[in-house]
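Asker: Residue numbers (my numbering): 3 to 102. Backbone N, C-alpha and C define an ideal beta-carbon position, used for all residues, glycine too.
#1: Between residue 33 and residue 40, what straight-line distance do the alpha-carbon atoms span, to the nearest angstrom?
#2: For the structure I just gave you, are there three or more beta carbon pairs, one from the region 69-76 and one from the region 22-38, closer than 8 Å?
#3: Might you give, ordered along the chain, the residues of its own chain that have their beta carbon closer than 8 Å to the beta carbon of residue 102, omitting 5 neighbours on each side?
#4: Per DSSP, what kind of secondary structure is residue 21 in: helix, strand or coil?
#5: By the 10 Å Cβ neighbour count, where 16 or more other Cβ atoms means buried, how is residue 44 classified, buried or exposed?
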């Protein structure tokens, strides 16, 4: 499994690999501008799928449906903790299933 701190970049890399036409379109831009264009395209693609960018990132990097479920729950737990909510309250409020 990809380390948490590397997940977003790994997802962007996979997204770009799946969209070589984007790489061609932005080739003449500076590196910071390329990164921004990739990020925007990635966020748009997530939105088109009805997903948050973090959810789409996990889908791109998950090695299996089970790994995806684990990473989703892990992320939800982190959000609940950051919000100061109990896990049970967070799950009920956000309709999170499969909590362990």
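Answerer: According to the structure shown:
#1: When only Cα atoms are considered, residue 33 and residue 40 end up about 10 Å apart.
#2: The region 69-76 and the region 22-38 do not touch, with fewer than 3 CB-CB distances between them shorter than 8 Å.
#3: Residue placement at residue 102 is poorly supported in this model, since its pLDDT is 49, which falls under 50; the coordinates are not used for a value here.
#4: Under the three-state reduction of DSSP, residue 21 is assigned to coil, being neither helix nor strand.
#5: So residue 44 ends up on the buried side.
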